[in-house]
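K.L.:
Its first residue numbered 1420, the sequence shown is counted upward by one per residue in the numbering used here.
Beta carbons: idealized from backbone N, C-alpha and C, even for Gly.
Questions regarding the structure given below will be posed in turn.
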Amino acid sequence: MDLGIAGKWALVCGASKGLGLGCAQALAAEGVNVVMVARGREVLEASAAALRAASPDVAVIAVAADITIPEGRAAAFAAPGGPGTDFDIVVTNAGGPPPGDFRSWDREAWIKAVDANMLTPIELIKATVDGMAARGFGRIVNITSSAVKAPIDILGLSNGARSGLTGFVAGVARSGIAAKGVTINNLLPGKFDTDRLQGTIAGAAAKAGKAVDEVRAAQMAQVPARRFGTPAEFGAICAFLCSVQAGYLNGQNILPDGGLYPGTY
């Protein structure tokens, strides 16, 4: 299927590995020019080089910066050869807060979680959405977490911050911008085989006093698909949400989780 987005410009955050990289790869494969942002320069540059080799007909720009601070966002918008703030597609993505017991989190931990996983996406939306509306096309995809629908006890920081973003997006998506061709949706990944999942499994194993492999196998067995998802699968879903065909899909929380979530809403 031709997604109709060749030649567009996308800003993909957390794009050096995992789900963010999966999104960058899927978009580039559709002919989208990509500005990849991540903090680790070495891994980012390697991922960008591989993406350029795989998709030689698109522009791939790597920006080593912390997107959660004003200076990092400014660097992304000022990337040489990039579109400035005139992105057609924005994929927000920040590393999840660490797992743990809520009793050990002080105010600073909460502020850091909210800043990275709620306020940063809001700032990126604010900087780009009016330009999208003026040009008549825009796609914003926020990578959040399945914990928004099914909170996980050791991920309280993530549960809280990402739920705040979900509420904000629900309002903005219905504020009139969809009539101007701009959609905002959230992708709520379940158990995808990434570094983040490995860290969560390690935390759960430590809390339960079990071996990591035992916890990993048990969690995989809980998924009706009997496996974890892959970044490539996630990226394909993201690319579709950014397509012209997805123009009537707006303000939604899409839950790719292999059927794990038992709810009906």
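In this structure, how does DSSP classify V1456 when only helix, strand and coil are distinguished?
P.N.:
Looking at V1456 - three-state DSSP - the assignment turns out to be strand.
K.L.:
Could you please give me the residues that DSSP links to G1648 through a beta bridge?
P.N.:
According to DSSP, which records beta bridges pairwise, G1648 is partnered with F1611.
K.L.:
Any chance you could list the beta strand (DSSP E) runs of at least 3 consecutive residues sitting entirely within the segment 1515-1598, in chain order?
P.N.:
Correct list: 1557-1562.
K.L.:
Under the three-state reduction of DSSP, which class applies to I1620: helix, strand or coil?
P.N.:
It is helical.
K.L.:
Hey, how far is the Cα of T1649 from the Cα of L1422?
P.N.:
Approximately 21 Å between the Cα atoms of the pair.
K.L.:
What is the DSSP secondary structure of I1508, counted as helix, strand or coil?
P.N.:
DSSP places I1508 in strand when its eight states are reduced to three.
K.L.:
If we count Cβ pairs, one from each stretch, closer than 8 Å, do we get three or more for the segment 1421-1441 versus the segment 1504-1513?
P.N.:
Segments in contact, yes.
K.L.:
Which whole-angstrom value is the C-beta distance of V1608 and L1438, which I expect to be below 8 Å?
P.N.:
Here residue 1608 turns out to be Pro, not Val, going by the sequence shown. Going by Cβ atoms, the distance from P1608 to L1438 rounds to 6 Å, so yes, they are a contact pair.
K.L.:
With DSSP as the reference, please indicate the residues paired to V1482 in a beta bridge.
P.N.:
The partner list for V1482 (beta bridge, DSSP) reads V1456.
K.L.:
List the whole-angstrom C-beta distance separating D1534 from T1487, where the pair is believed to meet the contact cut-off of C-beta under 8 Å.
P.N.:
About 6 Å; that satisfies the 8 Å criterion.
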